[in-house]
Amino acid sequence: MTEENFFDVIVVGAGISGIGSAYRLQKECPDRSFVLLEGRPNLGGTWDLFRYPGIRSDSDMHTLGFSFKPWKAAKSIADGPAILDYLEETVSEFGIKEKIKFNHLVSSADWSNEKARWTLKVTNRETGETTDFTSNFLLMCSGYYSYKSGYTPSFEGMEKYSGKIVHPQEWPEELDYSDKKVVVIGSGATAVTLVPAIAEKASHVVMLQRSPTYVVARPDHDPFAAFLRKILPERIAYYLTRKKNIFGQNYIYKMTRKDPEKVKEKLLEGVRMALGSEFDIKRHFTPSYNPWDERLCLVPNGDLFKSIRKGKVSVVTETIQRFTQNGILLETGEELEADIIVTATGLNLVTLGEVDFKIDGTPVDFSQTWIYKGLAYSDVPNLISTFGYINASWTLRADINSSYACRVLNHMRKTGTQKATPRLRESDMDMPQRDWIEGFSSGYMKRSMSEMPKQGDREPWLNTQDFYKDKKMLSRNTPIEDGVMEFAKIER
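Position one of the sequence shown corresponds to residue 162 (my numbering), numbered consecutively onward.
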């Protein structure tokens, strides 16, 4: 090990979470050395990986953007390239880019209790060389899904299909869908983004879904933000718009829990207004579940609905029997012909970036751990990770996590301790095991829930999915020494 490969803190990932963590470390822990290890050749995470047509945010940029860096563009629902530009601007403005080591893929992390250090196996993807990086503290900002491949169910007859099958996560840059018949399988956020974008050039697009999703139209501009920009300094206008949107996100989610039928009717009323009474909304846009049992899908300016009204897009709600040479055969016997089939069928969730974790050589099974304050794990020292909200913008959670991490680091410096480990109290031993995220039935979540940590029924063993509760739980007004987070020195 060379000294240049030791850092007080290692941040894994240079997407939104990693960049935000780097900013907090510079500002709130200026005495700590750190590095960002990014396995890809570029920063941006999701916004660099996904290159499919129409890629955009499904949260407003006043909350998906950083609290410390105002979003200045006119559109509040932004496309992928605009978000990447924003991230590039951020790392340049705050001197973060020189802290990033690109093409450095972390494969394993082994904690030594004796040394109070993590040792990471890191492969340089340009040279193929594997080296060790060590640190006292680890911030995992590697996202929530596998970057290797998306999720595609195994459909009978796929090998017989003569056209092109594409998953949005591996979109070929050279794919030409002009004047082609395209079938998009799925009705989630990716599908409703892709379909209207492809429809601009394709001869026709079919959105084929097994069951409907709640789809909400909203403007891609925020008139409140535009008004405030005219009368207030940029930073204040951004701050107030952000506060307004955080409140709005939280209010809508709470209403779906309190009065789901009322919210459901309001959402369906919006679809009826967009598509007209002659469209079969009950079949194609009325889910069997309540709003926010799965994620709501946003369509800026109603672009999906406009494509349907123009006849460029059809929605088919039916089960696939099998693929054929020319397309897809449905259970009804109808065949959908397609030159290209897009499987917008989801992601593969992973725990902590598919890194193999060990403590003193013993593998860590995160499914057997308890989540601490939504960011750390029982009996796992000096590790904080970020998994953003499913019902609000990812960055909201990432920001309060990184601030809390800095509080822990500063407390360790102040007390001369080298280890920070969440431990179950005696009174916690009888806690019921609850799913890591409750009340959310999306397929990608259900497929992976057994691999995730558990939450309990009391603080701090909760993963609330509530920004206001989390902000209070992680705030400077709550003590770091809470009787659960154990701070310790190296035994000499």
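Beta carbons: idealized from backbone N, C-alpha and C, even for Gly.
Sequence-distant residues of the same chain with beta carbon closer than 6 Å to residue i, five excluded per side
i, result
"Ala363", "Tyr338, Lys341 and Val343"
"Pro231", "Glu395, Arg396 and Tyr399"
"Thr163", "Below a pLDDT of 50, predicted positions are generally treated as unreliable, and Thr163, at 49, falls in that range; the measurement from the model is reported next regardless. No residues qualify anywhere along the chain."
"Cys458", "Ala350, Val353, Thr374 and Val376"
Close Cβ partners of residue i (< 7 Å) along its chain, the five nearest in sequence each way excluded
i, result
"Ala581", "Pro542, Asn543, Val569, Met573, Met646 and Phe648"
"Lys260", "Ala183, Phe195, Val196 and Leu197"
"Gly318", "Arg483, Phe484 and Thr485"
"Ser178", "Cys302, Thr547 and Ala559"
"Glu165", "none"
One or two residues paired with residue i in a DSSP bridge
i, result
"Pro621", "BP columns for Pro621 are empty, so no partner."
"Leu497", "Ile489"
"Gln616", "Arg595"
"Ala649", "Lys580"
"Met712", "Outside the displayed span of the chain (162 to 653) sits residue 712, for which this structure offers no information."
"Asn285", "His265"
"His445", "Bridge partners of His445: none, in fact."
"Thr374", "Answer is none; Thr374 lacks a bridge partner."
"Thr523", "Ile520"
"Phe484", "Ile489"
"Lys632", "Paired residue(s): none; Lys632 is not in a bridge."
Run of the beta strand (DSSP E) containing residue i, from where it starts to where it stops
i, result
"Asn297", "Thr291 to Met301"
"Thr582", "Lys580 to Pro583"
"Phe167", "Phe167 to Val173"
"Ala270", "His265 to Ser273"
"Leu459", "Cys458 to Pro461"
"Lys325", "Lys325 to Val327"
Contact under 8 Å by Cβ, residue i with residue j
i, j, result
"Asn503", "Val367", "For the record, residue 503 in the displayed sequence is Val; it is not Asn. For Val503 and Val367, no; Cβs fall outside 8 Å."
"Asp381", "Ile238", "yes"
"Arg403", "Thr224", "yes"
"Ala435", "Ala378", "yes"
"Tyr312", "Thr493", "no"
"Val525", "Lys534", "no"
"Tyr550", "Leu355", "no"
"Ala358", "Val516", "no"
Limits of the unbroken alpha helix (DSSP H) element including residue i
i, result
"Trp555", "Trp555 to Thr576"
"Trp208", "Thr207 to Leu210"
"Met434", "Pro421 to Leu436"
"Gly549", "It is not in any alpha helix (DSSP H) - Gly549 carries neither H nor E in the DSSP assignment."
"Glu249", "Gly241 to Glu254"
"Glu317", "Looking at the DSSP string, Glu317 is not in any alpha helix (DSSP H), and its letter there is neither H nor E."
"Leu225", "Met222 to Leu225"
Residues near residue i by beta carbon distance below 8 Å, same chain, minus five either side
i, result
"Thr639", "Lys633"
Of the listed residues the options, nearest to residue i (C-alpha basis)
i, options, result
"Cys302", "Gly488, Thr480, Leu204 and Gly522", "Leu204"
"Leu510", "Ser609, Lys415, Asp591 and Ala566", "Ser609"
"Phe385", "Asn406, Thr374 and Leu369", "Asn406"
"Arg456", "Glu620, Ala243 and Ile413", "Ile413"
"Tyr450", "Ile501, Thr288, Val460 and Thr374", "Thr374"
"Ser372", "Ile392, Thr351 and Gly347", "Gly347"
"Leu401", "Gly200, Leu490 and Phe229", "Phe229"
"Gly174", "Thr207, Tyr538, Ile532 and Cys190", "Thr207"
"Gly488", "Thr447, Gly256 and Lys325", "Lys325"
C-beta neighbour in chain B for residue i, strict 8 Å
i, result
"Met646", "Protein chain content of the structure displayed is limited to a single chain, and chain B is not contained in it."
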